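Undergrad: For reference, the structure I am asking about is given below.
In this note's numbering, the protein residues as written are 18 to 146.
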């Protein structure tokens with residue numbers, strides 16, 4: 018892990034997520050500005066990018082990072098980046114995605130909501146579209 022966030026690091030993380038989760042085209046991605054836009058288009062993802070300097074355009078991503086900092090990062094003192102990376106990854110994978118309920122998801126965790134959503138068939142509004 019590096020102290021800054023170069024585009025290559027972001028692209029590598031996105032590649033890892035794509036390989037692990039294998040999302041369908043149409044996935045909405047909440048990125049910051051960067052050169053990996055071609056990668057998003059290649060996989061058919063929709064880029065939800067805010068206008069420069071306007072965090073309200075991307076409030077869901079901003080809220081996640083605020084929660085991450087308040088609930089985890091600011092509660093710990095990390096000896097080094099490796100320790101921080103391990104702890105934050107565990108928080109996201111083991112707690113935030115699997116256990117932390119979200120009111121916007123009907124008081125379900127993101128993992129349970131995603132499983133329920135995947136089990137349902139999509140609603141067809143029109144046979145024409």
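No residue lacks a Cβ here, since even glycine has one placed at the ideal position from N, Cα and C.
Bear in mind the structure is a predicted one, so any value in this text is a computation, not a measurement.
Using beta-carbon positions only, say whether residue 57 and residue 46 come within less than 7 Å of one another.
TA: One-based indexing of the chain shown puts residue 57 at position 40. One-based indexing of the chain shown puts residue 46 at position 29. Yes. Within cutoff.
Undergrad: Is it right to say residue 62 is buried, meaning 16 or more other beta carbons lie within 10 angstroms of its own, or is it exposed?
TA: The residue you call residue 62 lines up with position 45 of the chain shown. By the 10 Å Cβ count, residue 62 comes out buried.
Undergrad: In the DSSP output, what is residue 63 paired with across the bridge?
TA: Here the question's residue 63 lines up with position 46 in the chain shown. Residue 63 pairs with 45.
Undergrad: What number of angstroms, rounded off, separates the C-alpha of residue 95 from the C-alpha of residue 101?
TA: Counting from one through the chain shown, the residue named residue 95 turns up at place 78. Counting from one through the chain shown, the residue named residue 101 turns up at place 84. Cα to Cα, the separation comes out at about 6 Å.
Undergrad: Could you tell me the distance, in whole angstroms, from the CA atom of residue 40 to the CA atom of residue 92?
TA: For the purposes of this step, residue 40 is identified with residue 23 of the chain shown, where counting begins at 1. For the purposes of this step, residue 92 is identified with residue 75 of the chain shown, where counting begins at 1. Answer to the nearest angstrom: the Cα atoms are 33 Å apart.
Undergrad: The alpha helix (DSSP H) with residue 122 in it runs from where to where?
TA: Residue mapping note: residue 122 aligns to position 105 of the chain shown, counting from 1. Premise fails: residue 122 is in no alpha helix (DSSP H) and is neither H nor E.
Undergrad: Tell me the rounded alpha-carbon separation between residue 87 and residue 27.
TA: In the chain shown, counting from the first residue as 1, residue 87 sits at position 70. In the chain shown, counting from the first residue as 1, residue 27 sits at position 10. Looking at the two C-alpha atoms, the distance is approximately 23 Å.
Undergrad: Between which two residues does the alpha helix (DSSP H) harbouring residue 39 extend?
TA: Here residue 39 refers to the residue found at position 22 when the chain shown is read from its first residue. Counting along the chain, residue 39 falls outside any alpha helix (DSSP H), and DSSP gives it neither H nor E.
Undergrad: By Cβ distance below 6 Å, which residues in the same chain neighbour residue 32 in space, the five residues on each side in sequence not counted?
TA: Position 15 of the chain shown, counting from 1, holds the residue named residue 32. Closer than 6 Å at Cβ, skipping near neighbours: no residue.
Undergrad: Could you have a look at residue 97 and say whether DSSP puts it in helix, strand or coil?
TA: Start at 1 with the first residue of the chain shown, and residue 97 comes out as number 80. Correct three-state label for residue 97: coil.
Undergrad: Out of 134, 135, 132 and 85, state which residue places its alpha-carbon closest to the alpha-carbon of residue 104.
TA: As a position in the chain shown, residue 104 is number 87, starting the count at 1. Of the listed residues, the one whose Cα sits closest to residue 104 is 85.
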